[in-house]
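Read through the structure below, which is laid out as structure tokens, and then see the notes.
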Amino acid sequence: MIRDGGNPRGGHAPLPGRLRAIGAVVLLATAACEPLADASAYPAGWPFSPRTPAVDADSAMVATVDAHATRVGVEVLRRGGNAVDAAVATAFALAVVNPEAGNLGGGGFMVIRLADGSSHALDFRERAPLAATRDMYLDERGELTNASRRGHLAAGVPGTVMGLWEAHQRFGTVGWAELLAPAIGLAGGFTVESGLARSLGRAAESLSRYPASREAFLPGGEPPAEGEIFRQPDLMRALARIRSRGPDGFYRGETARLIVREMRRGGGIITAEDLASYTARWREPVRVNYRGYTFHSMPPPSSGGATLALISNILEDHELSRLGFHSAAGVHVLAEALRRAYADRNEYLADPDYVELPLERFVSEAYASERGADISPFAATPSSRVGPGALLTEGTETTHLSVVDPEGNAVALTTTINSLYGSRVTVEGAGFLLNNEMDDFTARPGSPNLYGLVQGERNAIEPGKRMLSAMTPTVVEDPEGNLLMVVGSPGGSTIITTVFQVISNVLDFGMSLPQAVNAPRVHHQHLPDRIQFERGGLPPAVVDSLRAMGHEMDERRGTSGDVKAILVLPEGSLAGYADPRRGGLAAGF
Ligand code: GLY
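Take any residue in the sequence shown, count from 1 to its spot, add 81: that is its number in the working numbering.
Have a look at this one:
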């Protein structure tokens with residue numbers, strides 16, 4: 082038996098069907114034409130192996146952070162549901178088994194690429210409550226408080242239930258109630274795996290400060306241990322209301338009343354009107370051409386697709402593959418592109434329903450050529466000298482799942498409650514956590530948010546506005562227009578750079594999917610002005626060379642991102658992989 086590689090959660094059931102290792106030689110023949118990265122490209126001591134096999138399947142695949150949730154999606158596909166059906170059922174299952182990020186109380190983005198080649202982007206991002214004000218997180222001295230991160234005021238109006246409903250209304254084929262049934266079953270009780278036990282253990286202290294969170298997630302005062310059956314009766318009833326009444330079972334009636342009551346209890350401001358007026362929005366996907374491949378990704382109010390486009394367009398002029406994977410010259414050029422793209426992201430992008438965005442120019446190759454023209458191959462440009470580009474002068478914690486169905490429809494779905502366990506506030510009587518997405522707004526221009534992002538005026542808080550996101554659910558087509566890859570990640574501001582590097586590792590460096598995902602990652606977001614890299618992720622000699630070029634180097638305490646991806650192999654079968662950074666399962670048939 083071959084399991085998805087290096088999975089710290091472990092304990093997966095045997096996978097169905099023809100599982101086998103994906104040899105590097107096979108992937109050498111994929112669309113990527115550069116030589117396969119040598120395994121020694123991983124630095125000594127890096128914890129993830131370049132030889133981990135992918136999970137292989139003939140025609141359908143689901144990859145998520147949790148084995149229970151993956152199995153729900155695979156079962157929907159086996160019964161004839163399509164990729165959207167599977168994504169909806171899997172997302173509801175994640176709301177039960179992955180409370181740190183899966184959710185009813187958050188929001189997200191979905192990119193769908195149908196087998197006919199059309200692509201669609203669904204925005205179900207949280208919105209600022211109608212009573213929100215620009216300076217609501219400043220104290221009387223004008224200093225930032227912690228209220229955008231913890232507690233009731235941190236929550237934006239949730240979008241997940243409406244988003245999953247909208248996707249199902251437009252593309253679903255299986256009955257809504259059938260898609261809710263597995264999540265309801267799991268809420269009735271499921272066996273806790275080690276990853277969840279550890280995660281709840283780490284969050285126990287902060288969850289215990291909120292009575293309903295304590296009751297829901299720390300039964301008997303302790304987080305459930307590995308192997309215990311974890312029951313969530315309030316959440317089960319909340320899901321049952323959604324099953325019978327659709328979005329009205331969440332945005333109106335009992336659940337809406339419970340949310341408003343919870344708000345009153347803790348000084349929050351989400352009202353019945355906020356909930357009843359919430360809508361999800363279909364948007365035009367960002368489409369990027371990179372070396373003949375096409376990326377379909379999420380447009381604003383996520384910055385993911387547009388920033389991915391700018392990074393890719395700048396780097397298209399720099400031939401990463403010639404510089405070598407994680408050579409000092411390669412990381413330098415990558416960081417310079419990221420620095421410039423994030424400077425523009427942080428300044429210009431926001432909710433397009435509130436702010437005029439220079440999107441066409443932002444994603445254009447012409448602008449990227451200008452923007453990247455001053456990248457020196459030898460020396461870092463300090464971020465203080467990289468302001469936002471001239472875009473307007475011309476007039477203008479989170480979880481990701483990937484699904485491919487037997488027809489070739491693909492879904493990339495990223496949802497979030499922002500940081501792990503969101504605001505830490507559980508809606509009493511409804512058993513789900515509320516997001517702390519309000520922290521993704523610019524609470525005060527010039528001040529960093531939770532992810533250290535220094536964002537601009539355009540992303541200031543306004544009633545009903547959607548806060549800027551970095552979520553980057555993405556589907557990649559090969560130069561012939563065939564489905565090649567489905568990919569996405571959590572990780573706050575690092576999501577975009579994670580998604581780009583995994584795609585680039587496959588396309589530019591010829592890596593297998595597990596190699597591309599397991600490879601160490603770097604990050605730059607303009608400010609703070611430093612290259613962040615995963616612990617042990619760059620050889621000391623490369624770090625020294627980058628320092629000599631003028632880069633400040635910041636070794637993170639841990640890892641970055643958590644990719645769940647599917648790659649179509651040359652013969653048409655599928656490789657799936659669940660990033661071992663947080664674990665999970667890819668499975669298919
Ligand atoms: N809350 C993280 C993001 O949306 O980017």
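Don't be surprised by glycine CBs; every beta carbon is placed ideally from N, CA and C. Because the structure is a prediction, the values reported are computed rather than measured.
(message) Between which two residues does the beta strand (DSSP E) holding THR480 run?
(response) Counting along the chain, THR480 sits inside the beta strand (DSSP E) bounded by residues 479 to 485.
(message) Using the Cβ count rule (16 or more neighbours within 10 Å means buried), how would you classify ARG101?
(response) Confidence at ARG101 is low in this model, with a pLDDT of 29, below 50, so its placement is unreliable and the value that follows should be read with caution. Taking all protein chains shown into account, ARG101 has fewer than 16 neighbouring C-beta atoms within 10 Å of its C-beta and is therefore exposed.
(message) Give me, in chain order, the residues of the same chain whose beta-carbon lies closer than 7 Å to that of GLU115; leave out the 5 immediate sequence neighbours on both sides.
(response) A caution first: GLU115 carries a pLDDT of 38, below 50, which makes its placement in the model unreliable, though a value can still be read off. Once the five neighbours on either side are set aside, the close Cβ partners of GLU115 are SER402, ASP589, PHE590 and GLY591.
(message) According to DSSP, simplified to helix, strand and coil, what is PHE190?
(response) Here PHE190 sits in strand by DSSP.
(message) Quick check on DSSP: helix, strand or coil for GLY270?
(response) Coil at GLY270, not helix or strand.
(message) Would you say the beta carbon of MET552 is closer than 7 Å to some non-hydrogen atom of the ligand GLY?
(response) Yes, the Cβ of MET552 comes within 7 Å of a heavy atom of the ligand GLY.
(request) Indicate whether ARG466 and ARG231 have their beta-carbon atoms separated by less than 8 Å. (result) Going by beta carbons, ARG466 and ARG231 fall outside the 8 Å limit.
(message) Give me, in chain order, the residues of the same chain whose beta-carbon lies closer than 8 Å to that of GLU475; leave out the 5 immediate sequence neighbours on both sides.
(response) Only weak support is given to the placement of GLU475: the predicted model assigns it a pLDDT of 38, under 50, and the value that follows is read from those uncertain coordinates. The residues are PRO439 and ARG442.
(request) May I ask whether a heavy atom of the ligand GLY can be found less than 7 Å away from the beta carbon of THR497? (result) Result yes, Cβ under 7 Å from the ligand GLY.
(message) Just to confirm the assignment, what range does the alpha helix (DSSP H) spanning ILE323 have?
(response) Run containing ILE323: 314 to 326, per the alpha helix (DSSP H) assignment.
(message) Below 8 Å on the Cβ atoms is my contact criterion, and I expect THR507 with GLY385 to pass it. Report the Cβ-Cβ distance as a whole number of Å.
(response) Wrong, their Cβ atoms sit about 28 Å apart, outside the cutoff.
(message) Does ALA667 pass the burial test, meaning 16 or more other C-beta atoms within 10 Å, or should it be called exposed?
(response) Buried: at least 16 other Cβ atoms inside 10 Å.
(request) For ALA285, I'd like the list of residues in its chain whose CB is within less than 7 Å of its CB, leaving aside the five on either flank, ordered along the chain. (result) Answer for ALA285: LEU299 and PRO304, listed in chain order.
(message) Can you determine whether any heavy atom of the ligand GLY sits closer than 7 Å to the C-beta of GLY569, and answer yes or no?
(response) Checking the Cβ of GLY569 against the ligand GLY gives no.
(request) Could you round the C-beta distance between ASP137 and ALA622 to whole angstroms and report it? I think they count as a contact, below 8 Å. (result) Not a contact, Cβ separation roughly 36 Å.
(request) Identify every run of the beta strand (DSSP E) within the segment 577 to 653, keeping only runs that are complete inside it and at least 3 residues long; order them along the chain. (result) For the segment 577 to 653, whole beta strand (DSSP E) runs of length 3 or above, ordered along the chain, are 612 to 614, 634 to 636 and 645 to 649.
(request) Identify whether HIS407 lies in helix, strand or coil by the three-state DSSP scheme. (result) The three-state secondary structure of HIS407, taken from DSSP, is coil.
(message) What would DSSP say about ALA170, mapped onto helix, strand or coil?
(response) In the three-state reduction of the DSSP assignment, ALA170 falls in the helix class, which pools H, G and I.
(message) If distances are taken between C-alpha atoms only, which option among MET548, GLY161, ARG602 and GLY223 comes closest to GLY253?
(response) It is GLY161.
(request) Flag this pair as yes or no: are the beta carbons of ILE395 and ALA460 separated by less than 8 Å? (result) In this structure, ALA460 does not lie closer than 8 Å to ILE395 by Cβ.
(request) Return the first residue and the last residue of the alpha helix (DSSP H) that MET552 is part of. (result) No alpha helix (DSSP H) contains MET552, which DSSP labels as neither H nor E.
(request) Run through the segment 123 to 163 for me and flag every whole alpha helix (DSSP H) of 4 or more residues, listed as ranges in chain order. (result) DSSP runs (the alpha helix (DSSP H)) wholly in the segment 123 to 163: 148 to 159.
(request) Return yes when the C-beta of ILE395 is under 7 Å from any heavy atom of the ligand GLY, and no when it is not. (result) Checking the Cβ of ILE395 against the ligand GLY gives no.
(message) One question on the structure: do PRO124 and GLY642 come within less than 8 Å of each other, judged by their Cβ atoms?
(response) The answer is no: Cβ separation not under 8 Å.
(request) Quick one: residues in its chain with C-beta nearer than 7 Å to the C-beta of GLY308, no 5 flanking neighbours on either side, listed in chain order? (result) Excluding residues within five positions, the ones whose Cβ falls inside 7 Å are THR272 and VAL273.
(request) Could you tell me which residues DSSP pairs with HIS377 in its beta bridges? (result) In the DSSP output, where bridge partners are listed per residue, HIS377 has ARG368 and VAL556.
(request) Go ahead and pull the three-state DSSP assignment for VAL107. (result) Unreliable placement is indicated for VAL107, whose pLDDT of 28 sits below 50; the coordinate value is still reported in the next sentence. Note: VAL107 maps to helix in three-state DSSP.
(message) According to DSSP, TRP363 sits in a beta bridge with which residue or residues?
(response) For TRP363, DSSP records a beta bridge to LEU203.
(message) Quick check: the Cα distance between VAL583 and ALA597, rounded to an integer number of angstroms?
(response) Their backbone Cα atoms lie some 5 Å apart in a straight line.
(message) Assess contact between the segment 366 to 384 and the segment 264 to 271, defined as three or more Cβ pairs (one per stretch) separated by less than 8 Å. Is contact present?
(response) Fewer than three Cβ pairs drawn from the segment 366 to 384 and the segment 264 to 271 lie within less than 8 Å of each other, which leaves the two stretches out of contact.
(request) Compute the minimum distance between the beta carbon of ILE576 and the heavy atoms of the ligand GLY, and state whether it is under 7 Å. (result) ILE576 Cβ: within cutoff of the ligand GLY.
(message) Give me the DSSP bridge partner(s) of THR523.
(response) Answer by DSSP bridge pairing, in chain order: ALA541.
(message) Less than 8 Å between the C-beta atoms of GLY349 and HIS249, yes or no?
(response) Result no, Cβ atoms of GLY349 and HIS249 do not sit closer than 8 Å.
(request) Give the straight-line distance between the Cα atoms of PRO463 and GLU446, rounded to the nearest whole angstrom. (result) Straight through space, the alpha carbons of GLU446 and PRO463 are spaced by roughly 24 Å.
(request) Would you list the one or two residues that DSSP bridges to PHE443? (result) According to DSSP, which records beta bridges pairwise, PHE443 is partnered with nothing at all.
(message) Extract the residue ranges of the beta strand (DSSP E) inside the segment 194 to 245, only unbroken runs of 3 or more that lie entirely within it.
(response) Qualifying beta strand (DSSP E) stretches, in chain order: 200 to 205.
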